[in-house]
Each structure stands twice: as structure tokens, then as C-alpha cells.
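A.B. asks: Chains as they are written, first to last, in full-length UniProt numbering: chain V, 1 to 238; chain F, 1 to 238. Could you have a look at this structure, given as C-alpha cells, before my questions?
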DNA sequence: ACAAAAGTGTTGTATGTACACCCATGC
DNA sequence: GCATGGGTGTACATACAACACTTTTGT
């Protein structure tokens, strides 16, 4: 029964997205060791004895990037198991997708590795990232784009409270297409449980003050908010 | 760096669904060893040295159930990593979802274990299956239900060629709600690339002969075909 | 006054839903 | 003929896209 049972190491890797400077950005670390020394990679590390993969993801998030898992949306993305994906041996990795509002730059942390935000569009090309991290990144991007359509996930990219205009910019940046402000507003304000009005206004910017909202409780957007069949990956920027 | 690195075994488990006798059914095996001896479980087994998880899933599919992976839709579901999920030790498992048309009963195979189809509604209750397989099964069910909405996956439950009525029964059985035959037909025949007319008819049944179709090439259903927010899991049967 | 962003109204088109009705077959 | 499913037509309600228009601020 145990015949041929593989000896494997298990790791977690993190695709951490935020929207800053009108661009979708991903948090990357520079590798300090071979293989792929000096190349950029997703943050990640080995699973430890008594923890779940999710716990390992939160721990690595903190250790490598000083980000607080409780303030991010975190979900399992997929497990990658090609026997040749790591030249050092048999390493299976489970990728997690983390989404959050633009936070104080984490790279000023104390850890050895230097973490930095990079525009997704600049690192999408094949072979740019170490290992199979390019594939993982593209899978994470597609997951994030798809979830904007039928869940209220976009709100986690905004720090509360936020305006509808800020939320719209999240959609536009991640989908790479412009949206009609009036129709966007109607769609989201009518979606039951999507937005919670706070009664306050943001007046610090030009133009008419915008109403401030916080996240509602509904996880699903019904009916979904479909982008066109616009599936061209390279257009992730402004 | 290697500090605390977990020693883990990796397995694959399979949630195999088919529609037979107007019910959604899942393929289960009876455990021959402790723990959970005699209890029903999802088919599965250990990952071997040089294979991917997907290859292991196809291999176990054949070894345990005599089913041919090439004739099924197979996709990764999720990886489960609770340190206490297997009392024997640290076993992380990646679950795969397999969907297929009602095939010749596989349980008459040569292997040791007895595999058999069971109606999903009869095995959904918590604690019925071994390990955390109940959770995995419910995740697989929710994935299958969700994918009916926005992909053409339902067609893999029908053996080609099939009629629109047969396809409609797939939706009704998996969602547990009745659908209007006329509107269903219009929706699917208008979806570009969903159905490929064969020009032939099925005349072996009562009523007017039904046109026969084969699967089209479009993987996505645009716009999606939404069930109501009907999310009650126990209603998976007729 | 003007630019800029928020927010409202309106209109044509598409889509979904409900249901009446016709069609072709087995019995 | 009648039951049974296949398949078409139609009318109503809803939803979306496009875009004109009003409101409220900063400069």
C-alpha cells in the first residue's frame, strides 16, 4: 500500500494583491539563495508541523512582509505539484490569494528579505518570476478578476470608509476597462447588502462630496456584475 | 530555514459525481483498514514519486474504480491540511472533482475494494463518511452546482449524443429545482458554442422525437444561467 | 465662472419568466 | 384518441447601456 509513496516537502506561496497608484500591484521578494538567486518570487515558505496551510500562509505573510493576515482577505488558490517545478527536489506548493487595501509599505520590515510592491502588468511575462510563480500569479489574477464579477470582494481593496468612486476605480484597474459611473453606482447601491451607508461624506477632494460607505454583509453579488468577455490578461494596468 | 519543517504525506481524494436514476450519485469505497474500518470514504491514495497530483488522481481513478480518466471531466477542488484530519499522522490531501456520464457500473472491477454509487443526498450528513470526507463532498457539490451556472460543464453528465431534455434533467437533479422546458431550451440553443446539432433524432421514447446534440466548444456560458439563491444543500435529489 | 466629480433621469434594447399553444410519436 | 414529452410564440416585467442633465464642491 505504501509502495512508491512520494517523499515531498510542502510549502505555501502567496499572491498578495493591492491597488495603489491606480495600478494592480503584487508583493514580491527577491531571492537570496540559489536557485533563482536574485530573481523575484512570490513570498512563501515551508509548512510546519502542527499548522494548517492557512495558518502557514498567515504566518509567512507576517514573517516575510509584516502584513497582518486579519486585515486581508485570504483564500486558497490552488496546489501545484509538477515534480520538476523546484530543481532542488520534490516540493509541492499550495498557493494562497491575499487581497487588501493599500497598506503602509511593508518592505521596511526587519526581516532578511526585501519585499516590494510591483505593478502586475510589469511582471506578467513568462519566465520573469522564479519557479512556476508566473503561472501562479496568472492564476491568482484570473481568480481575482472573476471574483469581482459575482462577489463583493472588490471592497477589500478599499480602506473603510470608502466612496463609490474609489470602489469603481478598483474594478477599472483590475479589469482594465472603463466603467460608466452612473450605471456602476446604481448597480452597487441597489445590490442588497453590498454597501452600508455611513451617512458621512468625503469632502477633502475636488468636486461634490461623495457619500462614504462601509462593506455590507452580503458575500455574493446577485445578479452578477459582468465584464465583457474581455479576457486579455496583459491589460491589468491603468 | 528548515526549522520546524513538517513531515507530511500527500494523498489525493476523488469526488466522483454522475447522474443516474434521476439522482446525483457519488462513488464511494468501503474502508478495509483502521481507522474508520467498514465506513464509507472517497476513493483516493498516496501520491507517488514522479507524478503530479493530477496524474495520481487519474491513476487512483483507474485502480480503485476502473474508470477511465480520459472520459471524465477532472479538476482540482481544494487541498485539506488540518493536522488532525487523519488520526495516523500528518496527511495532507488534495481533492479532485470528477464528473461523468452514467457509465457501466465500475464496482464489478478486479480490485480489492468495493466501489459503489450512492445518492449524494443519502451521504451528506455530517460524520457519515470517514475522515473529513463529508466536508470535501460538500465542497465538491457546491463547486459542481456553481459551475453549472456559468460553464457548459453539465454536458459531461450526458453521454453523447444527448437531447436537451436529458441535459435539463441534469440541471434539475443537481440544483434540486424544476426548470421551465421552453425557456431552458431557448437559453441553451442560443448560447454560442454550447450545443452542436447532429441533425439526428432520438425516437426510442414516448413523445415527439428529440433532436440530438453533442457538446460544443465554448467552455463558458455567457450570460450565465443562474439558479435562484436556492442554496439549500440537502435538496440534491429528485 | 469653471472644472471636476457625485448623483439623478430617461430611453431603447436585451433578457428572463410565465404560460398558452402546436407537433410528433407510442400506446 | 390520448398521454407524453418536444418545440414555438407571445406578453409582461426587469435589467442593462448609453448618455443628457443637475448638484456641490475647490480653485
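C-beta atoms are modelled at their ideal positions from N, C-alpha and C, and glycine is treated no differently. Keep in mind the model is a prediction, meaning the values are calculated, not measured.
For chain V, is any of its Cβ atoms less than 8 Å away from the one on residue 232 (chain F)?
C.D. replies: By one-based count along the second chain, residue 232 (chain F) stands at place 232. Legend: pLDDT at residue 232 (chain F) = 34, less than 50; position of this residue unreliable, no value from coordinates given.
A.B. asks: Could I get the ranges of all uninterrupted alpha helix (DSSP H) runs contained in the region 144–223 of chain V, with 4 residues as the minimum, in chain order?
C.D. replies: Qualifying alpha helix (DSSP H) stretches, in chain order: 164–175 and 181–190.
A.B. asks: Can you name the residues that DSSP bridges to residue 30 (chain V)?
C.D. replies: What you label residue 30 (chain V) is simply residue 30 of the first chain in a count that begins at 1. Answer is V:40.
A.B. asks: Excluding five sequence neighbours on each side, which residues of the same chain lie with their C-beta closer than 6 Å to the C-beta of residue 73 (chain F)?
C.D. replies: By 1-based counting over the second chain, the position of residue 73 (chain F) is 73. Hits under 6 Å: 99 and 156.
A.B. asks: Given that a residue counts as buried once 16 or more other Cβ atoms are within 10 Å of its Cβ, and exposed if not, what is residue 205 (chain F)?
C.D. replies: Within the second chain, numbered from 1, the residue matching residue 205 (chain F) stands at position 205. Looking at its Cβ environment, which holds fewer than 16 other Cβ atoms inside 10 Å, residue 205 (chain F) is exposed.
A.B. asks: Any beta carbon from chain F within less than 8 Å of residue 53 (chain V)'s own beta carbon?
C.D. replies: Locating residue 53 (chain V) in the first chain gives position 53, counting from the first residue. Answer yes: the Cβ-Cβ gap between residue 53 (chain V) and chain F drops below 8 Å somewhere.
A.B. asks: Taking only the alpha-carbon atoms, compute the straight-line gap between residue 40 (chain V) and residue 30 (chain V) and give it to the nearest angstrom.
C.D. replies: Taking the first chain and counting its residues from 1, the one referred to as residue 40 (chain V) is at position 40. Taking the first chain and counting its residues from 1, the one referred to as residue 30 (chain V) is at position 30. The straight-line gap from Cα to Cα measures roughly 5 Å.
A.B. asks: Measuring only between beta-carbons, confirm whether residue 96 (chain F) sits less than 8 Å from chain V.
C.D. replies: Here residue 96 (chain F) refers to the residue found at position 96 when the second chain is read from its first residue. So, not an interface residue.
A.B. asks: By the three-class DSSP mapping on this structure, what secondary structure does residue 45 (chain V) have?
C.D. replies: Mapped onto the first chain, residue 45 (chain V) falls at position 45. Of the three classes helix, strand and coil, the one that applies to residue 45 (chain V) here is strand, per DSSP.
A.B. asks: Closer than 7 Å by beta-carbon distance: list the chain F residues that pair up with residue 81 (chain V), in chain order.
C.D. replies: Locating residue 81 (chain V) in the first chain gives position 81, where the first residue counts as 1. Correct list: 52 and 53.
A.B. asks: Check residue 61 (chain V) in the structure and name its three-state DSSP category.
C.D. replies: In the first chain, counting from the first residue as 1, residue 61 (chain V) sits at position 61. Three-state result, residue 61 (chain V): helix.
A.B. asks: Quick one: is residue 219 (chain V) buried, meaning 16 or more other Cβ sit within 10 Å of its Cβ, or exposed?
C.D. replies: Counted from its first residue, the first chain places residue 219 (chain V) at position 219. It counts as exposed.
A.B. asks: Could you tell me the alpha carbon to alpha carbon distance between residue 138 (chain F) and residue 200 (chain V), rounded to whole angstroms?
C.D. replies: As a position in the second chain, residue 138 (chain F) is number 138, starting the count at 1. As a position in the first chain, residue 200 (chain V) is number 200, starting the count at 1. Their Cα atoms are separated by approximately 42 Å.
A.B. asks: Nearest CA to the CA of residue 63 (chain V): which residue from V:216, V:179 and V:13?
C.D. replies: As a working mapping, residue 63 (chain V) is identified with position 63 in the first chain. Among V:216, V:179 and V:13, the Cα nearest to that of residue 63 (chain V) belongs to V:13.
A.B. asks: Is residue 232 (chain F) buried or exposed, if buried means 16 or more other CB atoms sit within 10 Å of its CB?
C.D. replies: Residue 232 (chain F) sits at position 232 when you count from the first residue of the second chain. Low confidence applies here, because residue 232 (chain F) scores a pLDDT of 34, under 50, leaving its location unreliable; read the following figure in that light. Result: exposed.
A.B. asks: Residue 229 (chain V) CB to nearest chain F CB: under 8 Å?
C.D. replies: Numbered from its first residue, the first chain carries residue 229 (chain V) at position 229. Reliability of the predicted coordinates at residue 229 (chain V) is poor, the pLDDT of 49 falling under 50, and the value obtained from them is presented with this limitation in mind. Residue 229 (chain V) counts as touching chain F.
A.B. asks: Please classify residue 152 (chain V) as buried or exposed, where buried requires at least 16 neighbouring CB atoms within 10 angstroms.
C.D. replies: Within the first chain, residue 152 (chain V) is the residue found at index 152, counting from 1. It counts as buried.
A.B. asks: Does the region 170–182 of chain V touch the region 132–148 of chain V, meaning 3 or more C-beta pairs lie closer than 8 Å?
C.D. replies: The answer is yes - the region 170–182 of chain V touches the region 132–148 of chain V, with three or more Cβ pairs under 8 Å.
A.B. asks: Counting only C-beta atoms, is residue 138 (chain V) closer than 8 Å to chain F at any point?
C.D. replies: Here residue 138 (chain V) refers to the residue found at position 138 of the first chain. It does not: the Cβ of residue 138 (chain V) has no partner Cβ on chain F nearer than 8 Å.
A.B. asks: Does the separation of the CB atoms of residue 120 (chain V) and residue 141 (chain V) fall below 8 Å?
C.D. replies: In the first chain, counting from the first residue as 1, residue 120 (chain V) sits at position 120. In the first chain, counting from the first residue as 1, residue 141 (chain V) sits at position 141. Yes, they are a contact pair.
A.B. asks: How would you label residue 92 (chain V), buried or exposed, when you count the other beta carbons within 10 angstroms and need 16 or more for buried?
C.D. replies: As a working mapping, residue 92 (chain V) is identified with position 92 in the first chain. The residue in question, residue 92 (chain V), is buried, as its Cβ has 16 or more Cβ neighbours within 10 Å.
A.B. asks: So that I know if they touch, is there some Cβ in chain V lying closer than 8 Å to that of residue 89 (chain F)?
C.D. replies: Taking the second chain and counting its residues from 1, one reaches residue 89 (chain F) at position 89. Answer no: the Cβ-Cβ gap between residue 89 (chain F) and chain V never drops below 8 Å.
A.B. asks: What would DSSP say about residue 75 (chain F), mapped onto helix, strand or coil?
C.D. replies: Sequence index remark: in the second chain, residue 75 (chain F) carries index 75 (1-based). In the structure shown, residue 75 (chain F) sits in a strand (DSSP, three-state: E or B).
A.B. asks: In this structure, how does DSSP classify residue 98 (chain F) when only helix, strand and coil are distinguished?
C.D. replies: Residue 98 (chain F) sits at position 98 when you count from the first residue of the second chain. Reduced to three states, the DSSP call for residue 98 (chain F) is strand.
A.B. asks: Taking Cβ to Cβ, would you say residue 7 (chain F) is nearer than 8 Å to residue 15 (chain F)?
C.D. replies: Working through the second chain from its first residue, we reach residue 7 (chain F) at position 7. Working through the second chain from its first residue, we reach residue 15 (chain F) at position 15. No; because the gap between Cβ atoms is not below 8 Å, this pair is not in contact.
A.B. asks: Can you tell which of V:4, V:10 and V:24 has its C-alpha closest to the C-alpha of residue 170 (chain V)?
C.D. replies: For the purposes of this step, residue 170 (chain V) is taken as the residue at position 170 of the first chain. The residue with the shortest Cα to Cα distance from residue 170 (chain V) is V:24.
A.B. asks: Please identify the residue among F:4, F:43 and F:9 whose C-alpha is closest to the C-alpha of residue 5 (chain V).
C.D. replies: Here residue 5 (chain V) refers to the residue found at position 5 of the first chain. Out of F:4, F:43 and F:9, F:9 has the C-alpha closest to the C-alpha of residue 5 (chain V).
A.B. asks: What are the residues of the region 4–19 of chain F that lie near chain V, defined by any Cβ-Cβ distance shorter than 8 Å?
C.D. replies: Under the 8 Å Cβ criterion, the region 4–19 of chain F contributes 4, 5, 6, 7, 8, 9 and 10.
A.B. asks: For residue 35 (chain F), collect the residues of the same chain with a Cβ closer than 6 Å to its Cβ; drop the 5 residues on either side in sequence, then sort them by chain order.
C.D. replies: For the purposes of this step, residue 35 (chain F) is taken as the residue at position 35 of the second chain. For residue 35 (chain F), where only same-chain residues beyond five positions count, the Cβ hits under 6 Å are 87.
A.B. asks: Applying the criterion that 16 or more other CB atoms from any shown protein chain within 10 Å of the CB defines a buried residue, is residue 221 (chain F) buried or exposed?
C.D. replies: By 1-based counting over the second chain, the position of residue 221 (chain F) is 221. Residue 221 (chain F) is buried by the Cβ-count criterion.
A.B. asks: Taking DSSP's pairing of strands, which residues face residue 23 (chain F) in a bridge?
C.D. replies: To locate residue 23 (chain F), count along the second chain from 1; it is residue 23. Beta-bridge pairing links residue 23 (chain F) to F:20.
A.B. asks: Which class does residue 122 (chain F) belong to by DSSP, given the choice of helix, strand or coil?
C.D. replies: By 1-based counting over the second chain, the position of residue 122 (chain F) is 122. In this structure, residue 122 (chain F) counts as helix in the three-state DSSP scheme.
A.B. asks: Can you say whether residue 238 (chain F) is buried or exposed, counting buried as having 16 or more other CB atoms within 10 angstroms of its CB?
C.D. replies: Taking the first residue of the second chain as position 1, residue 238 (chain F) is located at position 238. Confidence at residue 238 (chain F) is low in this model, with a pLDDT of 26, below 50, so the placement of that residue is unreliable and no value is reported for it.
A.B. asks: List, in order along the chain, the chain F residues whose C-beta lies closer than 7 Å to that of residue 76 (chain V)?
C.D. replies: By one-based count along the first chain, residue 76 (chain V) stands at place 76. Residues of chain F passing the Cβ test: 78 and 79.
A.B. asks: Does the beta carbon of residue 219 (chain V) come closer than 8 Å to any beta carbon on chain F?
C.D. replies: Here residue 219 (chain V) refers to the residue found at position 219 of the first chain. Not an interface residue.
A.B. asks: Could you compute how far the alpha carbon of residue 198 (chain F) sits from the alpha carbon of residue 158 (chain F)?
C.D. replies: As a first step, residue 198 (chain F) is located in the second chain; it is residue number 198 there, counting from the start. As a first step, residue 158 (chain F) is located in the second chain; it is residue number 158 there, counting from the start. Answer to the nearest angstrom: the Cα atoms are 15 Å apart.
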